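Chemist: Residues in the sequence shown are numbered from 1 upward in steps of one, following the working numbering.
Quick reminder that beta carbons are idealized off the backbone N, C-alpha and C, glycines included.
The model shown is predicted, which means the values in this text are computed figures rather than measured ones.
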Amino acid sequence: MIRETSIAAMLILCCVAPSSAETPASTDSQLKPIFNGENLNGWSGDPRLWSVRDGVIHGETTPEKSTKGNTFLIWQGGNTADFELELSFRCNATNNSGIQYRSEVIESPKARNEWSLKGYQHEVRNEEDFPNIAGFIYGEQLGRGRVCLVGEKAVQEGDEKKVLETLITPEEFKELFRLDDWNDVRIVAKGRHIQHYLNGRLILDFTDSPEKARLDGVLGLQLHAGKPMWAEFKDIRFRSL
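Here it is as structure tokens:
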């Protein structure tokens, strides 16, 4: 009786268990590399400032090689409507950098350089004290300043941002962030809804208003004007959703 029951249970499990073909592919398998680790083919930026060193993208300004206005290394291979992006970054603390998405090239004669962008930016910093940390959304050239801060689950309604929930505290962020080391970023954007992850943890969840939301545009990596700085990026992977 016991043997018959066990066989019956095994048959039921075999019938209901999904086959490997029915199991959705992992996020990692769907993301595709957009940086080849050898050169900047497929990217456009100031050649004085951007290079590939030891398999990573290296951007650096110096007193001798500075930038007039913020400048970007712009991906030429697609857009950022609904998308998922993963990469790792590190930088020094003398200045800040960013990951620009759903952005447009500023082609006005007033543009500070050939690689100026306007749009959403995932802030990149080597700091651990709120609010000047990596991960918040900055409105580059949008006139909105810091659109959504790290730790906020928020909704923009007209000119008012409503914070619904706290996702991470300053103390938890200090434990999560790797100062002077590589940090992993994941950005997911679907329609007006944007999420930023740091080292595997959700740190920002923002839904922009219909009037202000940016729904498409290019992807870029920032070198900030001002103090000499460097920033590096690697393992850049992307997929459209």
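Going by CA-CA distance only, name the one from Leu223, Ile57 and Lys65 that's closest to Ser97.
Modeler: Position 97 of the sequence shown holds residue 97. It is Leu223.
Chemist: Could you tell me if Leu221 is buried or exposed, where buried requires 16 or more neighbouring beta carbons within 10 angstroms of its beta carbon?
Modeler: Here residue 221 is taken as the residue at index 221 of the sequence shown, counted from 1. The residue is buried, with at least 16 neighbouring Cβ atoms inside 10 Å.
Chemist: Just checking, does the stretch 115-122 make contact with the stretch 131-148 on the three C-beta pairs under 8 Å criterion?
Modeler: yes
Chemist: Can the beta-carbon of Thr61 be found less than 7 Å from the beta-carbon of Pro170?
Modeler: Residue 61 sits at position 61 when you count from the first residue of the sequence shown. Residue 170 sits at position 170 when you count from the first residue of the sequence shown. With contacts defined as CB atoms closer than 7 Å, Thr61 and Pro170 fail to qualify as a contacting pair.
Chemist: Let me check one thing: in DSSP terms, what residues is Glu140 bridge-paired to?
Modeler: The count along the sequence shown starts at 1 and reaches residue 140 at position 140. Note: Glu140 sits in a beta bridge opposite Gly119.
Chemist: Along the chain, where does the alpha helix (DSSP H) containing Lys153 start, and where does it finish?
Modeler: Locating residue 153 in the sequence shown gives position 153, where the first residue counts as 1. That residue, Lys153, is in no alpha helix (DSSP H); its beta strand (DSSP E) goes Glu152 to Glu157.
Chemist: Alpha carbon to alpha carbon, what distance is there between Glu152 and Ile203?
Modeler: On the sequence shown, residue 203 is found 203 positions in, with the first residue counted as 1. On the sequence shown, residue 152 is found 152 positions in, with the first residue counted as 1. The straight-line gap from Cα to Cα measures roughly 7 Å.
Chemist: Whole-angstrom Cβ separation of Phe238 and Phe83, contact assumed at under 8 Å?
Modeler: Sequence index remark: in the sequence shown, residue 238 carries index 238 (1-based). Sequence index remark: in the sequence shown, residue 83 carries index 83 (1-based). That belief holds up - the Cβ atoms of Phe238 and Phe83 are roughly 6 Å apart, short of 8 Å.
Chemist: List the endpoints of the continuous beta strand (DSSP E) containing Leu221.
Modeler: Residue numbering aside, residue 221 sits at position 221 when the sequence shown is read from its first letter. It spans Val218 to Leu223 - the beta strand (DSSP E) in which Leu221 sits, taken as one unbroken run.
Chemist: What residue range is occupied by the uninterrupted alpha helix (DSSP H) comprising Glu171?
Modeler: Counting from one through the sequence shown, the residue named residue 171 turns up at place 171. Where Glu171 is concerned, the enclosing alpha helix (DSSP H) stretches over Pro170 to Leu176.
Chemist: Note down, one range per segment and in chain order, each alpha helix (DSSP H) of at least 4 residues found wholly within the stretch 72-135.
Modeler: none
Chemist: Short check: CB of Leu87 to CB of Asp235, under 7 Å?
Modeler: Here residue 87 refers to the residue found at position 87 when the sequence shown is read from its first residue. Here residue 235 refers to the residue found at position 235 when the sequence shown is read from its first residue. Yes.
Chemist: Just how far apart, CA to CA, sit Asp54 and Glu232?
Modeler: Here the question's residue 54 lines up with position 54 in the sequence shown. Here the question's residue 232 lines up with position 232 in the sequence shown. Straight across, the Cα-Cα distance linking Asp54 with Glu232 is about 11 Å.
Chemist: Output needed for Asp216: all residues of its chain with C-beta closer than 8 Å, excluding positions within five of it in sequence on either side, in chain order.
Modeler: Walking along the sequence shown from the start, residue 216 turns up at place 216. Correct list, in chain order: Asn79, Thr80, Ala81 and Arg102.
Chemist: For Ser44, does the three-state DSSP call read helix, strand or coil?
Modeler: In the sequence shown, residue 44 corresponds to position 44, counting from 1. Strand.
Chemist: Beta-carbon within less than 8 Å of Glu157's beta-carbon, same chain only, minus the 5 sequence neighbours each way: which residues are those?
Modeler: On the sequence shown, position 157 is the one that residue 157 refers to. Correct list, in chain order: Ser209.
Chemist: Is DSSP giving Ser209 helix, strand or coil here?
Modeler: Looking up residue 209 in the sequence shown gives position 209. Correct three-state label for Ser209: coil.
Chemist: Restricting to Cα atoms, I'd like to know which of Gln195, Ile194, Gly226 and Gly200 is closest to Arg178.
Modeler: Numbered from 1 along the sequence shown, position 178 holds the residue referred to as residue 178. Measuring from the Cα of Arg178, the nearest candidate turns out to be Gly200.
Chemist: Between which two residues does the beta strand (DSSP E) harbouring Gly145 extend?
Modeler: On the sequence shown, residue 145 is found 145 positions in, with the first residue counted as 1. DSSP places Gly145 in the uninterrupted beta strand (DSSP E) bounded by Gly145 to Cys148.
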